[in-house]
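In the numbering used here, the protein residues as written are 19 to 268. So the structure is just underneath, and the comments pick up after that.
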């Protein structure tokens, strides 16, 4: 596991136990179809017999150890997985891409219904008539709906995206993955909507201490973004602070 994750928020044994008890050689938390099929290297395990195999040792004999991130992914993560697969390694993936995509599509209606409870959507139903005329796109809700519809089209058209970003909530809630991608919180390069929900989802699945630990980790690493928060139905932002206190702002 590398430092691109925040976590783990829980024991890893439920994830790796089935692999350790199997005759598989190579385990990954997730796989990806970007560039070409491979196991994502942010979390993977290789058993001892494969470590001494020619297909594995020859890879590192030839590896140039580049510094640029794109080259590390292309020549390291993607190439290693491809070589091991061609060599006949038995691969086990905890959350395969097609399973994640299926789970995401099944919850699509619920996702849209959740967005329709946000203040940006309901403002025309209360005392927000003036504001409604100023925000025909519904702010973040309008953006989120368009993004989700576009991504649904990507799935239908078999356009691959980074599963650890686009399926972050499915990984936690449906597959019990106790990690969140650090870059998703700090930069969100794909512009994924509703990342403010990360804190609430982590807390619901793994407890308040896990949320506090995530916020502490963000502060320690000087991540230049406010922590993912819980948004109440009254429009208050509730950010839980390590130590048990809460900061509430209108």
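For each residue, glycine too, the CB sits at the ideal point set by N, CA and C.
Using the beta-carbon count (16 or more within 10 Å), is residue 221 buried or exposed?
-> So residue 221 ends up on the buried side.
Within this structure, are the beta carbons of residue 24 and residue 118 separated by less than 9 Å?
-> With a cutoff of 9 Å on beta-carbon distance, residue 24 and residue 118 are scored as not near each other.
Buried or exposed: where does residue 181 fall if 16 or more other Cβ atoms within 10 Å of its Cβ makes it buried?
-> With 16 or more Cβ atoms within 10 Å of its Cβ, residue 181 is classed as buried.
Do you know offhand how far residue 150's Cα is from residue 157's?
-> Any reading at residue 150 must be qualified, since the residue scores a pLDDT of 47, below 50, and its modelled position is unreliable; no value is offered.
What span of residues does the beta strand (DSSP E) with residue 47 cover, start to end?
-> Counting along the chain, the beta strand (DSSP E) containing residue 47 begins and ends at 44-50.
Could you work out which residue in 121, 127 and 63 is closest to residue 40 when comparing CA atoms only?
-> Comparing alpha carbon positions, the residue from 121, 127 and 63 closest to residue 40 is 63.
Presumed contact (8 Å Cβ cut-off) between residue 67 and residue 42, rounded CB distance | Contact doesn't hold; Cβ gap of about 11 Å is too wide.
Determine contact between the region 87-99 and the region 202-215, defined as no fewer than three beta-carbon pairs at a distance below 8 Å.
-> In short, these stretches do not touch, since the Cβ pair count stays below three.
In angstroms, rounded to a whole number, what distance separates the CA positions of residue 61 and residue 137?
-> For residue 61 and residue 137, the distance between alpha carbons rounds to 38 Å.
Below 7 Å CB to CB, which residues in the same chain sit around residue 146 once its five sequence neighbours on both sides are set aside?
-> Unreliable placement is indicated for residue 146, whose pLDDT of 46 sits below 50; the coordinate value is still reported in the next sentence. Here the set comprises nothing.
Return helix, strand or coil for residue 63, following the three-state DSSP convention.
-> Reduced to three states, the DSSP call for residue 63 is strand.
Going by the CB atoms, is the gap between residue 56 and residue 80 shorter than 9 Å?
-> In this structure, residue 56 does not lie closer than 9 Å to residue 80 by Cβ.
Buried or exposed: which applies to residue 134, given that a residue is buried once 16 or more other Cβ atoms fall within 10 Å of its Cβ?
-> Residue 134 counts as exposed, since fewer than 16 other C-beta atoms from the protein chains shown sit within 10 angstroms of its C-beta.
DSSP-derived helix/strand/coil call for residue 113 | Secondary structure of residue 113 (DSSP, three-state): strand.
Boundaries of the alpha helix (DSSP H) in which residue 75 is found, first to last residue | Secondary structure note for residue 75: its alpha helix (DSSP H) is the uninterrupted segment 72-80.
Hey, would you say residue 7 sits closer than 9 Å to residue 46, going by beta carbons?
-> Outside the shown range of the chain, which is 19 to 268, sits residue 7, and nothing can be said about it.
Beta-carbon of residue 65 versus every beta-carbon of chain C: anything under 9 Å?
-> Judged by its chain identifiers, the structure shown contains no chain C, having just a single protein chain.
May I ask you to verify whether the region 69-77 touches the region 113-127, counting CB pairs closer than 8 Å and requiring at least 3?
-> No, the region 69-77 does not touch the region 113-127.
Ends of the alpha helix (DSSP H) at residue 98?
-> Where residue 98 is concerned, the enclosing alpha helix (DSSP H) stretches over 97-104.
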